[in-house]
Amino acid sequence: MKPSEPVDSRSRASGRSMALGRWAFGIATVGSLLVPVAFLAGFAVLSYFERVRSARETVLSQLMLIEEHVARIFGTFELIRAYVDEATDGLTNDQIRLQERRMHLKLQRFSRDYPQVQDIWVLDESGRPLISANVFPLPANLDLSDREYFQVQVKHDKPFLSDLLSGRVQDVKFFQLSHRRVRDDGSFAGVTAISVQPDYFYSYFRKFSNSGINHVTLWRDDGTVLVRFPELPNVKSPEARLERFLNTIAKKPDWDVIAGRGVFENVPRTIGYHKVAGYPLYVTVSIDDARVWQAWREAMLWPLLIGIAGALGLFAMTCIASRFAESESKARRALEDEQLIREQMEEERHAIEEALYQAQKMEAVARLTAGVAHDFNNILMIVRGSAEALRRRATEPARSGRLIDAIVAGAERGQTLTRQLLAFSRPSAAHAATIHLQDQAADMKRLMVQSTRTDIDVEVEMARDLGPVRIDRNVFEVALINLAVNARDAMPAGGRLILSARNVAADDASLPLIGEAVAITIRDTGSGIAPDHLGKVFEPFFTTKGHGKGRGLGLSQVYGFARNAGGAVTIESTLGRGTSITLWLPRVETAVQASVEPGDPAAKADRPCHAVLLVEDNPGVAASVMGMFKGLGYAADWVADAERAAAALASNSYELVLCDVVMPGQSGFDLAEGLARSRPDLPVILMTGYSEMLEQAAPAGIEVLWKPFSEAALGDAIARAFDRIRTGQRVAPEPVATDNVIRFPGI
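Structure (structure tokens):
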């Protein structure tokens with residue numbers, strides 16, 4: 001957490017409180033209008049759906065009444081057919097013709113009791129009438145064999161309803177309900193046909209118009225309309241709409257109430273249909289949606305007027321009350337603001353003091369670390385130089401070689417530790433090297449395992465073809481340690497920590513850099529970070545850990561490492577699922593350089609055989625380096641400071657100067673600067689254990705050796721220094737430090 005965060009939190013809380021007050025007044029004012037309107041709108045919607053439900057119930061109830069009545073009517077037709085069959089049973093056609101008058105009168109009296117019956121016919125097997133209830137005598141030339149109902153009965157033994165027909169003897173409209181007559185042997189004997197009055201059904205259907213019904217229709221199951229109220233003269237239903245309606249009925253053929261469009265008028269309506277049992281006949285009842293809307297508007301008129309008037313009145317009263325409340329709270333808010341400003345200023349002062357204390361403490365730790373590392377580097381220089389001197393003087397290399405190798409390995413490990421300490425005190429880009437991360441996979445896993453706990457599984461997944469990157473390995477290791485420690489603290493109950501690396505093409509949309517890169521992702525399964533904290537995690541001193549558990553410098557070091565390496569760092573996190581941090585490092589091209597080992601005869605042949613001047617204030621380090629010069633075949637003199645070096649250079653002819661940077665009195669940089677002016681052809685090599693010394697020397701074009709170094713590294717540095725002089729490269733005549741002052745921590 002930042003030092004000023006408590007003050008900022010209280011300030012934001014106070015601001016939010018005042019803002020919430022203003023919002024409360026605004027919400028109350030707007031709510032006084034919107035809430036009644038919302039209630040009215042909800043009531044209107046509920047009222048509309050109630051009207052729709054009522055329409056469906058009306059359609060269903062009236063449909064059941066009409067279907068029941070139609071079924072009873074057709075039941076009487078069955079009684080009539082049974083009566084006719086009984087009257088003609090056992091009689092031949094000739095016998096029936098002989099009794100035509102008697103049977104005509106009998107059927108006439110019977111049909112008058114049923115107003116729905118227009119006529120009753122008995123036809124022989126050739127389609128000629130034998131008896132009629134209304135026609136006597138029958139015309140001799142009357143032939144009904146061409147009627148559809150007769151032709152159907154010739155082929156099938158089932159009831160048949162015809163289309164609307166016009167009478168050939170009487171000018172009337174009717175539709176025919178026909179049944180097949182059969183002899184005792186089962187052969188076709190003719191047809192019994194009952195002519196049904198459409199006007200009877202029309203008059204009956206019209207009675208339901210007062211109950212809110214718009215349309216009642218009696219029709220065959222093939223879509224042929226027999227009776228419809230109200231009538232639609234000269235209107236034929238489009239085939240497409242009729243087919244859709246029949247397909248809908250086919251899914252539930254007995255009965256249903258549906259929302260659809262009229263087959264004839266194509267207007268939205270609620271439609272109920274019911275099949276008449278035992279017949280290919282349907283009854284439909286419908287109410288237009290327009291009637292439902294009209295009923296809803298009539299029901300909602302007065303409630304809407306009263307509700308709107310009440311809402312406007314409540315809104316006006318709330319506006320007046322809000323103005324009084326706002327004016328009353330202004331004075332109180334002014335006093336609260338003044339008190340808040342005083343408290344904020346006091347808290348900011350404490351926060352600045354705390355930040356200064358932390359910065360001073362970290363600076364002191366950094367200086368102490370750098371000083372210890374420098375002294376330790378000098379000790380390691382003595383150890384390594386002595387080991388190489390022992391190697392040169394060994395009489396039994398086979399026996400002593402292993403011991404000497406162990407000494408050198410220990411010195412190299414100590415060198416790595418000092419570099420990590422210096423990386424903590426001050427990350428440096430001057431010690432960057434081109435490396436392949438896949439070659440360091442085992443070391444990185446070991447480092448992360450050591451930084452976590454045994455209940456955390458560490459996995460390393462790297463592509464085999466990772467491109468090279470140029471980074472300071474020591475600083476990179478510190479960054480990995482920081483990320484591993486953060487992941488460990490986020491997984492108190494254990495979990496998984498996964499490090500993966502992959503190549504990223506220049507056209508990848510997720511790449512935050514220009515050009516190709518290598519993405520290194522460290523992902524954990526911990527508690528995650530809140531979304532409002534993600535934008536602050538790379539800031540110094542910001543931490544999501546508890547008090548005393550972190551200082552907020554880990555991710556800021558990771559951020560600094562990524563920037564110094566020319567890359568970037570991104571973070572993704574989900575609460576309860578973990579955090580993923582990705583380092584995007586620029587991919588570099590590897591350069592293959594031919595190297596000449598110092599021990600190579602060819603190298604020694606090209607080496608100038610002149611004296612070298614060593615400037616080092618530490619006698620132990622000087623003795624080690626003198627031994628290395630001797631092993632490389634150089635004649636070397638040693639002086640302890642820059643003043644004696646100037647005197648030695650004035651009285652002797654030296655071809656190269658190797659000088660320590662940090663010495664009593666004049667520094668190595670001062671000596672190099674003076675020689676750059678007076679002896680530009682004299683190669684100068686500096687040696688140091690301070691990381692910032694490398695940063696100052698690299699831009700100035702000065703060859704620098706990092707303590708401790710090996711005899712081979714010294715030979716390579718000498719060769720490069722002579723090459724730089726031969727190719728005309730010169731040391732910068734002015735110091736590189738931004739303030740022209742070189743400061744050395746610990747001195």
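Here the sequence shown is numbered in this note's numbering, starting from 1 and rising by one per residue.
For each residue, glycine too, the CB sits at the ideal point set by N, CA and C.
All values reported here derive from a predicted model rather than from experimental measurement.
query: Do you know whose CA, among 639, 245, 53, lies nearest residue 620's CA?
result: As a working mapping, residue 620 is identified with position 620 in the sequence shown. Ranking 639, 245, 53 by Cα distance to residue 620 puts 639 first.
field: When 144, 130, 145 are compared against residue 138, the one with the closest alpha-carbon
entry: Stepping through the sequence shown from its first residue, residue 138 is reached at position 138. Out of 144, 130, 145, 130 has the C-alpha closest to the C-alpha of residue 138.
message: Please give me, in chain order, every unbroken run of the alpha helix (DSSP H) with length at least 4 that falls completely inside the stretch 436-482.
response: Those alpha helix (DSSP H) runs which fall completely within the stretch 436-482 and span 4+ residues are 441-451.
field: residue 687 in three-state terms, based on DSSP
entry: Mapped onto the sequence shown, residue 687 falls at position 687. In the structure shown, residue 687 falls within a strand segment according to DSSP collapsed to helix, strand and coil.
field: residue 193 - DSSP class collapsed to helix/strand/coil
entry: Counted from its first residue, the sequence shown places residue 193 at position 193. Three-state result, residue 193: strand.
message: Using only the alpha-carbon positions, how far apart do residue 588 and residue 441 sit?
response: Here residue 588 refers to the residue found at position 588 of the sequence shown. Here residue 441 refers to the residue found at position 441 of the sequence shown. The C-alpha of residue 588 lies about 19 Å from the C-alpha of residue 441.
message: Let me check one thing: in DSSP terms, what residues is residue 229 bridge-paired to?
response: Position 229 of the sequence shown, counting from 1, holds the residue named residue 229. Per DSSP, the beta bridge partners of residue 229 are 216.
field: residue 716, buried or exposed, once every other Cβ within 10 Å from all chains shown has been counted against 16
entry: For the purposes of this step, residue 716 is taken as residue 716 along the sequence shown, with counting starting at 1. Burial call: buried.
message: How far does the beta strand (DSSP E) with residue 176 in it extend, from its first residue to its last?
response: If you number the sequence shown from 1, residue 176 lands on position 176. In this chain, the beta strand (DSSP E) harbouring residue 176 covers 173-182.
- request: For my contact list, residue 214 and residue 286 are in at a C-beta cut-off of 8 Å; report their separation, rounded to the angstrom.
  value: Here residue 214 is taken as the residue at index 214 of the sequence shown, counted from 1. Here residue 286 is taken as the residue at index 286 of the sequence shown, counted from 1. Correct: roughly 6 Å between the Cβ atoms.
Endpoints, beta strand (DSSP E) assigned at residue 274: Numbered from 1 along the sequence shown, position 274 holds the residue referred to as residue 274. Where residue 274 is concerned, the enclosing beta strand (DSSP E) stretches over 268-275.
query: Of all the options 446, 274, 464, 89, which has the alpha carbon lying nearest to the alpha carbon of residue 457?
result: For this step, residue 457 is matched to residue 457 along the sequence shown. The candidate whose alpha carbon is nearest that of residue 457 is 446.
query: With 16 as the cutoff for other CB atoms within 10 Å, does residue 245 come out buried or exposed?
result: Walking along the sequence shown from the start, residue 245 turns up at place 245. Buried: at least 16 other Cβ atoms inside 10 Å.
task: Specify, as a first and last residue, the run of the alpha helix (DSSP H) that residue 564 falls within.
output: To locate residue 564, count along the sequence shown from 1; it is residue 564. Element bounds for residue 564: 554-564.
task: Round the Cβ separation of residue 529 and residue 573 to the nearest angstrom and send it over; I've been treating them as touching at under 8 Å.
output: Walking along the sequence shown from the start, residue 529 turns up at place 529. Walking along the sequence shown from the start, residue 573 turns up at place 573. Residue 529 to residue 573, Cβ: 4 Å. Contact.
message: Contact defined as beta carbons within less than 8 Å: I believe residue 273 pairs with residue 255. What is the distance between those atoms, to the nearest angstrom?
response: Within the sequence shown, the letter at position 273 stands for residue 273. Within the sequence shown, the letter at position 255 stands for residue 255. Confirmed, Cβ separation roughly 6 Å.
- prompt: Nearest CA to the CA of residue 646: which residue from 667, 627, 482, 632?
  reply: Translated into the one-based positions of the sequence shown, residue 646 becomes position 646. When C-alpha distances from residue 646 are compared across 667, 627, 482, 632, the shortest belongs to 667.
query: Helix, strand or coil for residue 572 per DSSP?
result: The residue labelled residue 572 in the question sits at position 572 within the sequence shown. Note: residue 572 maps to strand in three-state DSSP.
field: beta strand (DSSP E) segment containing residue 676, residue limits
entry: For the purposes of this step, residue 676 is taken as residue 676 along the sequence shown, with counting starting at 1. Element bounds for residue 676: not the beta strand (DSSP E) but the alpha helix (DSSP H), 668-678.
field: For residue 766, three-class secondary structure by DSSP
entry: Within the shown structure, residues of the chain are numbered from 1 to 747, placing residue 766 beyond reach of any answer.
- request: Examine the ligand ADP and report whether any of its heavy atoms sits within less than 7 Å of the Cβ of residue 414.
  value: By its list of ligands, the structure shown contains no ligand whatsoever, and the ligand ADP lies outside what it can speak to.
task: Pull up the DSSP beta-bridge partners for residue 256, would you.
output: Within the sequence shown, residue 256 is the residue found at index 256, counting from 1. Paired residue(s): 273.
task: Determine the direct distance from the alpha carbon of residue 64 to that of residue 26, and round the result to whole angstroms.
output: Residue numbering aside, residue 26 sits at position 26 when the sequence shown is read from its first letter. Residue numbering aside, residue 64 sits at position 64 when the sequence shown is read from its first letter. Rounded to the nearest angstrom, the gap between the Cα atoms of residue 26 and residue 64 is 56 Å.
query: With a cut-off of 8 Å, does the C-beta of residue 327 fall near any C-beta of chain C?
result: Of the protein chains in this structure there is only one, and it is not chain C.
- prompt: Can you give the Cα-Cα distance for residue 60 and residue 160, rounded to whole angstroms?
  reply: The residue given as residue 60 occupies position 60 in the sequence shown. The residue given as residue 160 occupies position 160 in the sequence shown. Distance between the alpha carbons of residue 60 and residue 160: 27 Å.
query: What residues are listed by DSSP as bridge partners for residue 584?
result: As a working note, residue 584 is residue 584 in the sequence shown. Beta-bridge pairing links residue 584 to 519, 568.
query: Below 8 Å, can you find three or more Cβ-Cβ pairs linking the stretch 101-117 to the stretch 141-149?
result: No, the stretch 101-117 is not in contact with the stretch 141-149.
- request: Excluding the 5 residues preceding and the 5 following residue 702 in the sequence, name in chain order all residues of the same chain whose CB lies nearer than 7 Å to its CB.
  value: Looking up residue 702 in the sequence shown gives position 702. Around residue 702: 672, 684, 686, 731.
- prompt: In whole angstroms, what is the alpha-carbon distance linking residue 342 and residue 351?
  reply: As a first step, residue 342 must be located in the sequence shown, where it is residue number 342. As a first step, residue 351 must be located in the sequence shown, where it is residue number 351. Cα-Cα distance, rounded: 14 Å.
query: How should residue 266 be labelled, buried or exposed, when 16 other C-beta atoms within 10 angstroms of its C-beta is the threshold for buried?
result: Here residue 266 refers to the residue found at position 266 when the sequence shown is read from its first residue. Counting C-beta atoms within 10 angstroms of its own C-beta, residue 266 has fewer than 16 neighbours from the protein chains shown and is therefore classed as exposed.
task: Could you pull out every residue in the same chain whose Cβ sits closer than 6 Å to the Cβ of residue 608, ignoring the five residues on either side in sequence?
output: To locate residue 608, count along the sequence shown from 1; it is residue 608. Only weak support is given to the placement of residue 608: the predicted model assigns it a pLDDT of 46, under 50, and the value that follows is read from those uncertain coordinates. Contacts found: 655.
- request: Can you tell me the Cβ-Cβ gap for residue 438 and residue 464, rounded? I've got them flagged as a contact below 8 Å.
  value: Stepping through the sequence shown from its first residue, residue 438 is reached at position 438. Stepping through the sequence shown from its first residue, residue 464 is reached at position 464. The pair is a contact, with the Cβ atoms about 6 Å apart (cut-off 8 Å).
- prompt: Looking only at C-alpha atoms, which of 219, 35, 142, 288 sits nearest to residue 56?
  reply: Numbered from its first residue, the sequence shown carries residue 56 at position 56. In terms of Cα proximity to residue 56, the closest of 219, 35, 142, 288 is 288.
- prompt: Among 482, 204, 35, which has the Cα closest to the Cα of residue 318?
  reply: Working through the sequence shown from its first residue, we reach residue 318 at position 318. Looking from the CA of residue 318, the closest CA among 482, 204, 35 belongs to 35.
- prompt: Is residue 597 helix, strand or coil by DSSP?
  reply: As a position in the sequence shown, residue 597 is number 597, starting the count at 1. At residue 597 the pLDDT is 39, less than 50, meaning the model places this residue with poor confidence; the figure from the coordinates comes in the next sentence. Coil.
- prompt: To which residues does DSSP link residue 210 through a beta bridge?
  reply: The sequence position of residue 210 within the sequence shown is 210, counting from 1. Its beta-bridge partners do not exist; DSSP assigns none.
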